[in-house]
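Asks: My structure is below; once you've seen it, I'll send some questions.
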Amino acid sequence: MSSIHPDQAEALGLVGKRGQGVERDPETIDGTITDDPTRRVPLVLGNRDFHSVTETICGWVENKTPNWWFPAFAVSNVLAIVGTVMILFLIVTGVGVWGLNNPVSWGWAIVNFVWWVGIGHAGTLISAILCLLKQNWRTSINRFAEAMTIFAVICAGTFPGIHVGRVWFAWFLFPIPNYNWIWPNFRSPLLWDVFAVGTYFTVSLLFWYMGMIPDLATLRDRAIARFNQKVTFGPMWAPHPLPAFVKKLTTVSIPANKIASYFYGVLALGWRFSSRHWWNYEKAYILLAGVAAPLVLSVHSVVSFDFAVSIIPGWHTTIFPPYFVAGAIFSGFAMVLTLLIPARALYPGMKDFVTARTIENMCKIITLTGSMVGFAYIMEFFIAWYGANPYEAEAFMIRAFGPYWWAYWIMMFCNVVSPQVFWFKWCRTNLVFIFIISIIVNIGMWFERLVIVTTLSADFVTSSWGYYSPTWVDILTFVGSIGIFMTLFLLFCRFLPMLAISEVKNVMPQADPHHPMYHKDGHHNGDQHKASDRSEGGH
Amino acid sequence: MSAHSVTSSSGAPLHAIMAEFPNPAVVSHAAEKIRDLGYSKWDVYSPFPIHGIDEAMGLKPSRVSFFAGAGAISGITIALLMQWWMSAVDYPMVIGGKPYFAWEQYFPVTFELAVLMTSISAIVGMLTLNGLPLLHHPMAKKERFLRVGDDRFIIAIEAADPKFNADDIRKLLADLGGEHIDEVEE
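Quick mapping for you: the protein sequence lines, in order, are chains A and B.
Anchor point for the first sequence: position 396 equals 380 in this note's numbering, and the numbering is continuous, going up by one each time.
Anchor point for the second sequence: position 78 equals 461 in this note's numbering, and the numbering is continuous, going up by one each time.
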């Protein structure tokens, strides 16, 4: 008869002391998806100890660049260059190169802006809101999602910047004294947007960077250790091991390790893993999470004010802020999955951290937020009829059955119908299927913004109606922004720790000093036993 | 005993005596003992924040909150003063028939600036309280210390501690389960 608690057995399995750890199934279901609610599923698989966690995550940075990386980076770079050339073309020629016309004075630029900002919502949601809710499964994906957030906001910020027409006056957006002695209008949602997106970018960057300081310090220390360890070179035909005198001549430290130690050393700010430092650090982290949580909700609310505060039928609705926020989280999680599923396949070690259950949880959030978005679409339609405003009703009829009917029904299919598949367990656990759905959701959310923006095409007076279609410059600028995003993301995968090393270690069972496994092995004497029993009783 | 008179076995000024511990449980227990013995200048180094180490070390509540609070208040103040002066004093303009200083319309910018200043001051406060950024630290010279970011747990009692006595500390750390007890030179 075994008197061991299943929790403890699993923990011991993870430390490698006992072979009872969760065995990984060769299929996608790795044992973490269970219908038994009493079973606490481990967050880190593969019988790992702290050292193997460090080795795996730092290894992605330290080992040779994987072969797939170069072609991927080349393609992204080409697209990024195309995007940059399109932006330069726009600046030297004028916004006339885009498909804008008189009723539709906002085209793909605003669609792309809102789409990218929306994608950027998942990172801070995962790191802030899920941190406050103590969802420990987030530790394996937060660094990844935060990086995605920052790069998405960079792409987003480009579009309003180049949309102002005379780009060299873009600084008028900020309250900076100018030669006309006028100030920006603080009662305009477009100005609120500048502050909201600017704050969001800065806070996300700070949050990301602060979370990374300890991991950068780990990389720094490993680079120093490697530099101290001399490497022996010799001619390939020389006998092995080399004779002592040859060894002496050819034993060197690799300069790349020196460069790495300075690079990560400067970024790590001299972090030395002191508990006194951790104490302030954790406080700062939770405070940042506390202020970033309402910030996430505020940013897309403010973005929705760009539309909702105007008096255009179809835009002037109070449902916009919550519906935009739900849509942002929806698209953000979809983009995290779009990036995570290939990354998980390309870096096999990641499967121990990003478990099937983590991905299943994300699918559930997609279904939840997708249903909220679907509810908002239907409610908008209902209010358009129930509100008895003929302009409002007409705007919605034109959306669904007018010249852009195809965009509307693509949106309805991608955002309302497709996420409902995750009610089925097979769909939530099949990675290829999840990947396809995540792409469909991304497409759907892009079309949602197109549907909203093209509401402009049917103006109040029928004589001023105008159909909007993009030019090749519009299309290539959008494709280019994806290239910029992917370039930055691939650089992140190569040079920075993709998973939060210290946070992952912190959610492993052996990180808890009061865990029973430390008190039943016979490691300690009776005195220590008593002390820890007492402290456990207090928890 | 003054800190300057403490030297290592090789004669160089001594910074601390360090010992390695096998896991978070042992290191927490050792921290409790060192706390109870009344040492003040010492530290536990661990690859992640150990749960309950603040209590085990007898740390006071972190003061980062004061920095964050000051940031929040100054963010709100700066935002309201800026918007009031720009829109109601220096360049007053009637927009939508509203009063020059209708606070509702100034709320989004005020909120965003408050969040921005809170975050920046929380991080700056965290770094200030920790004495970072720092270019070099005596502990970093130790080969074994380089593993602390990986899987090692280290306690170091500094020579600057008023109760510092090298022999007592070596014995104490060994009794608490410390291994590889070593001197750290300044």
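Quick reminder that beta carbons are idealized off the backbone N, C-alpha and C, glycines included.
All figures in this text were calculated on a predicted structure; none of them were measured in a lab.
What would DSSP say about D565/B, mapped onto helix, strand or coil?
Replies: By 1-based counting over the second sequence, the position of residue 565/B is 182. In the structure shown, D565/B sits in a strand (DSSP, three-state: E or B).
Asks: What's the gap between the Cα of V275/A and the Cα of L496/B?
Replies: The count along the first sequence starts at 1 and reaches residue 275/A at position 291. The count along the second sequence starts at 1 and reaches residue 496/B at position 113. Roughly 11 Å between the two C-alpha positions.
Asks: I want to verify the contact list: residues of chain B whose CB lies under 9 Å from the CB of F417/A, in sequence order.
Replies: Walking along the first sequence from the start, residue 417/A turns up at place 433. The CB of F417/A never comes closer than 9 Å to any CB in chain B; the least such distance is about 35 Å.
Asks: Let me know if G316/A comes out buried or exposed under the rule of 16 or more other beta-carbons within 10 Å of its beta-carbon.
Replies: Here the question's residue 316/A lines up with position 332 in the first sequence. Buried, since its Cβ has 16 or more Cβ neighbours within 10 Å.
Asks: Helix, strand or coil for V69/A, going by three-state DSSP, please let me know.
Replies: Within the first sequence, residue 69/A is the residue found at index 85, counting from 1. It is helical.
Asks: With 8 Å as the limit, tell me which residues of the segment 261 to 294 of chain A have their beta carbon closer than that to any beta carbon of chain B; keep them in chain order.
Replies: H261, W262, W263, N264, Y265, E266, K267, A268, L271, L272, V275, A276, P278, L279, S282, V286, F289
Asks: Taking D33/A as the query, report the chain B residues whose CB atoms sit under 8 Å from its CB, ordered along the chain.
Replies: Here residue 33/A refers to the residue found at position 49 when the first sequence is read from its first residue. Neighbours of D33/A on chain B, chain order: D534.
Asks: How far does the beta strand (DSSP E) with A131/A in it reach, from first residue to last?
Replies: Here residue 131/A refers to the residue found at position 147 of the first sequence. First-last for A131/A: 126 to 147, but that is the alpha helix (DSSP H), not the beta strand (DSSP E).
Asks: Could you spell out where the alpha helix (DSSP H) holding H284/A opens and where it closes?
Replies: The sequence position of residue 284/A within the first sequence is 300, counting from 1. It spans 259 to 292 - the alpha helix (DSSP H) in which H284/A sits, taken as one unbroken run.
Asks: With respect to the beta strand (DSSP E) encompassing A442/A, which residues constitute its N-terminal and C-terminal limits?
Replies: Taking the first sequence and counting its residues from 1, one reaches residue 442/A at position 458. Note, A442/A: premise wrong, no beta strand (DSSP E); not H, not E.
Asks: Is the shortest distance between the beta-carbon of G441/B and the beta-carbons of chain A less than 9 Å?
Replies: Numbered from its first residue, the second sequence carries residue 441/B at position 58. Under the Cβ distance rule, G441/B does not count among the residues neighbouring chain A, no pair being separated by less than 9 Å.
Asks: Along the segment 184 to 205 of chain A, what residues have a CB closer than 9 Å to any CB found in chain B?
Replies: Residues Y184, T186, V187, L190, F191, Y193, M194, I197, P198, D199, A201, T202, L203, R204, D205.
Asks: Checking the sheet assignment: what are the DSSP bridge partners for W425/B?
Replies: As a position in the second sequence, residue 425/B is number 42, starting the count at 1. In DSSP, W425/B forms a bridge with I540/B.
Asks: Going by DSSP in three states, T16/A sits in which element: helix, strand or coil?
Replies: Counting from one through the first sequence, the residue named residue 16/A turns up at place 32. Three-state DSSP puts T16/A in coil, outside helix and strand.
Asks: With a threshold of 9 Å between beta-carbons, can F257/A be considered close to chain C, or not?
Replies: Absent here is chain C; the protein component of the structure consists of chains A and B.
Asks: Locate the alpha helix (DSSP H) running through F380/A, then write down its first and last residues.
Replies: Counting from one through the first sequence, the residue named residue 380/A turns up at place 396. First-last of the alpha helix (DSSP H) with F380/A: 374 to 385.
Asks: Starting from I400/B, trace the beta strand (DSSP E) both ways and give me its first and last residue.
Replies: Taking the second sequence and counting its residues from 1, the one referred to as residue 400/B is at position 17. Unbroken beta strand (DSSP E) run through I400/B: 397 to 404.
Asks: How many Å lie between S282/A and E415/B at the Cα?
Replies: Taking the first sequence and counting its residues from 1, one reaches residue 282/A at position 298. Taking the second sequence and counting its residues from 1, one reaches residue 415/B at position 32. For S282/A and E415/B, the distance between alpha carbons rounds to 44 Å.
Asks: For a contact meaning CB atoms closer than 9 Å, what does D544/B contact in chain A?
Replies: Within the second sequence, the letter at position 161 stands for residue 544/B. Annotation: D544/B has no Cβ neighbours in chain A at a cutoff of 9 Å; minimum Cβ distance is about 14 Å.
Asks: Kindly identify the DSSP beta-bridge partner or partners of T390/B.
Replies: To locate residue 390/B, count along the second sequence from 1; it is residue 7. In the DSSP secondary-structure assignment, T390/B is bridged to P396/B.
Asks: Which class does V98/A belong to by DSSP, given the choice of helix, strand or coil?
Replies: Taking the first sequence and counting its residues from 1, the one referred to as residue 98/A is at position 114. If DSSP states are grouped into helix, strand and coil, V98/A belongs with the helices.
Asks: Would you mind telling me which residues of chain B sit closer than 9 Å to P306/A, beta carbon to beta carbon, in chain order?
Replies: Translated into the one-based positions of the first sequence, residue 306/A becomes position 322. For P306/A, no chain B residue has a Cβ inside 9 Å of its Cβ, as the nearest lies near 16 Å away.
Asks: Since I believe D336/A is in contact with G30/A (beta carbons under 8 Å), could you give me their beta-carbon distance rounded to a whole number of angstroms?
Replies: The residue given as residue 30/A occupies position 46 in the first sequence. The residue given as residue 336/A occupies position 352 in the first sequence. The Cβ separation is near 4 Å, so the contact holds.
Asks: Taking only beta-carbon positions, decide if K489/A is within less than 9 Å of chain B.
Replies: Counting from one through the first sequence, the residue named residue 489/A turns up at place 505. Closer than 9 Å: yes.
Asks: Rounding to the nearest angstrom, what Cα-Cα distance links G145/A and I71/A in this structure?
Replies: The residue labelled residue 145/A in the question sits at position 161 within the first sequence. The residue labelled residue 71/A in the question sits at position 87 within the first sequence. One Cα belongs to G145/A, the other to I71/A, and the distance between them is close to 10 Å.
Asks: For V215/A, name the three-state secondary structure that DSSP assigns.
Replies: Position 231 of the first sequence, counted from the first residue, corresponds to residue 215/A. Strand.
Asks: Less than 9 Å separating the beta-carbons of D205/A and R530/B?
Replies: On the first sequence, residue 205/A is found 221 positions in, with the first residue counted as 1. On the second sequence, residue 530/B is found 147 positions in, with the first residue counted as 1. Result yes, Cβ atoms of D205/A and R530/B sit closer than 9 Å.
Asks: Going along chain B in order, which residues have a C-beta closer than 7 Å to the C-beta of P497/A?
Replies: Against the first sequence, residue 497/A aligns to sequence position 513. Near P497/A (Cβ distances below 7 Å), the residues of chain B are P407, A408, S411, I433, H434, G435.
Asks: Compute the Euclidean distance between the alpha carbons of I394/A and Y361/A, then round it to the nearest angstrom.
Replies: Numbered from its first residue, the first sequence carries residue 394/A at position 410. Numbered from its first residue, the first sequence carries residue 361/A at position 377. Y361/A has its alpha-carbon roughly 13 Å from the corresponding atom of I394/A.
Asks: Using a C-beta to C-beta distance shorter than 7 Å, which residues of chain B count as neighbours of S486/A?
Replies: Within the first sequence, numbered from 1, the residue matching residue 486/A stands at position 502. P430, F431, listed in chain order.
Asks: Identify whether V437/A lies in helix, strand or coil by the three-state DSSP scheme.
Replies: In the first sequence, residue 437/A corresponds to position 453, counting from 1. DSSP places V437/A in helix when its eight states are reduced to three.
Asks: Could you check whether the Cβ of Y246/A sits closer than 9 Å to any Cβ belonging to chain B?
Replies: The residue given as residue 246/A occupies position 262 in the first sequence. No, because no Cβ of chain B sits closer than 9 Å to the Cβ of Y246/A.
Asks: Using the Cβ count rule (16 or more neighbours within 10 Å means buried), how would you classify T133/A?
Replies: Reading the first sequence from its first residue, position 149 is the one you call residue 133/A. Under this definition T133/A is a buried residue.
Asks: Taking the beta carbon of S(-13)/A as the centre, do at least 16 other beta carbons fall within 10 Å, making it buried, or is it exposed?
Replies: Here residue -13/A refers to the residue found at position 3 when the first sequence is read from its first residue. For S(-13)/A, the pLDDT reaches just 48, beneath the cut-off of 50, and the residue's location in the model is therefore unreliable, although a value from the coordinates is still provided. Exposed.
Asks: Opposite V236/A in the DSSP bridges: which residues?
Replies: Here residue 236/A corresponds to residue number 252 of the first sequence, with the count starting at 1. BP columns for V236/A point to V215/A.
Asks: When you compare the CB positions of F191/A and T123/A, do they come within less than 9 Å of one another, or not?
Replies: Your numbering for residue 191/A matches position 207 in the first sequence. Your numbering for residue 123/A matches position 139 in the first sequence. Not a contact, by the Cβ cut-off of 9 Å.
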